[in-house]
Each structure stands twice: as C-alpha cells, then as structure tokens.
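> Residue numbers (this note's numbering): 574 to 795.
The C-beta atom is built at its ideal place from N, Cα and C for all residues, glycine as well.
Computed from a predicted model, the values in this text were never measured in an experiment.
Okay, handing you the structure first.
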Amino acid sequence: MRQAERYEKLITYFLEHRPEAETELAYTDPYELAVAVILSAQCTDKRVNLITPAFFKQYPTAASLASAKHADVFGLIKSCSYPNNKTKNIIGMAQGLIRDFGGVMPSDVDELQKLPGIGRKSANVLAAVIFNKPAMAVDTHVHRVSARIGLTLNAKNPYQTEMQLIKHIPEDLIPIAHHWLILHGRYVCVARKPKCSECGLTGICKYYLNEAVKGEKRSPKA
C-alpha cells in the first residue's frame, strides 16, 4: 500500500468514526491548559484532572501562581509524578508568562517554548488546542501508533515523527489528527497488547498485517 493511500484511509476512517476529538485535560483558559499540560508529563490526564480543581481554586490566574511559594504549590500537586520539578516549572511558566508576554499566552510554537516547562510537544499542544494551529504534538502514544500503523518510516524520535506526519496530513486536519492518534493509542493501540480485535484500522496497519501473516505461518495445515 502506498503511503498516501494509507493516510487517506486513516483520515477517512477517523472523520467517519471520530469526527470530534479533543484533549481530555480539563481547563477553561490558556493558563489552565498550560499548567495541566506541564503536570501531564509522564502522568495520566485522569490524575491531572483530579489535582487541578483545588489547584486552580488556590491559583486562578498566572499572576497568583507567579508569586506562589514552592512548598504551597508542591503540596497541591504532590500526587502527580515528579512534583518537585513540576512545581518549579509551573511557577516559572507563570512568571515567564507575566514577565515576557504580559500575561497573554503566545500562539507561536517557538515563543511558547521560551516558557519554563514548555518543550516542543507541550508547545504544539497549546498551539493546536488553544489556537487551532497546524501543530502536531508527538507524545509516546502518537510516536508508537504512527510507527505501528506505518504512518512513519524509521522515525527515531518524536521530532522525526512530527515532520513525517505533517508532511502527509492536510494542514486543516493536523490539530484534530493529534487527538485521533493520542486517543487511539490510549484506548485501542495500547503499548503492551494492542486491541487489534477492536480496531477499525487493521486493513491498513503494518503491525497487524505482519502479525496476521505470522499467525498463518504458525497455524497447523489441515
């Protein structure tokens, strides 16, 4: 199957079966999403969503967080992974947002990465979710799913995956395609044992087709 055909079939499938897809992080404004995205690193969205209600009640704005004490913030987020580093990052993000951008979240991916705790993946999430920019955030789910299906070829890192995906996905669909791949990896194409019996993409999936061939070779002849 040609690469272009694989992408075409994938896009057609998701447009039909998941025409709406969005982040599972709970937020009401760009500041809240930035905090949630930083907290979500190596932590489930479910856990982050348990933490943030009390956190945003205590720190409803970037200005209030910018002047917060490390110990107070740590106490609110200690149930997530790497709370010490994340405390530094979210306070630093708030301070940078106030100091360098007047409290207004920038829409440019490069500008977003100037904020502490905001790497390329997080910047792409913010640009896509808040500003609907054609930014493809690549986390472990997107990286894994893209390789398994065959959307990427020999992509050794998230950046290479990102570059290959945006080359083939129409610009206007990149923001939602990010969520398609994340959610597919989170609930169907899971890391250890993908749920191929529940997947509607087996007809184009290199992993599945290779496993099916192996299964045929292993099965005894009649």
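#1: Does the ligand MN have a heavy atom nearer than 7 Å to the CB of residue 755?
#2: Pair every Cβ in the stretch 645-658 with every Cβ in the stretch 621-635, then say whether three or more of these pairs are closer than 8 Å.
#3: Is it true that the CB of residue 667 sits closer than 8 Å to the CB of residue 701?
#4: When we look at the beta-carbon of residue 712 and count the other beta-carbons within 10 Å, is it buried (16 or more) or exposed?
#5: For a test of the three-state rule: what should DSSP assign to residue 658, helix, strand or coil?
#6: Thinking C-beta only, is residue 659 closer than 8 Å to residue 611?
#7: Expressed to the nearest angstrom, what Euclidean distance is found between the alpha-carbon atoms of residue 696 and residue 681?
#8: Can you give, in chain order, each stretch of the alpha helix (DSSP H) that sits fully within the stretch 634-699 and has at least 4 residues?
#9: Who are the near neighbours of residue 582 in its chain, counting only those whose CB is closer than 6 Å to its CB and skipping five residues on each side?
#10: Can you tell which of 694, 676, 714 has its C-alpha closest to the C-alpha of residue 753?
#11: On the DSSP letters alone, give me the boundaries of the alpha helix (DSSP H) that residue 606 sits inside.
#12: Could you give the DSSP three-state label for residue 765: helix, strand or coil?
So, from the data block:
#1: Ligands displayed in this structure: none; no statement on the ligand MN is therefore possible.
#2: yes
#3: no
#4: buried
#5: helix
#6: yes
#7: 8 Å
#8: 635-639, 643-650, 656-674, 682-685
#9: 777
#10: 714
#11: 603-612
#12: When DSSP states are grouped into helix, strand and coil, residue 765 belongs to the coil group.
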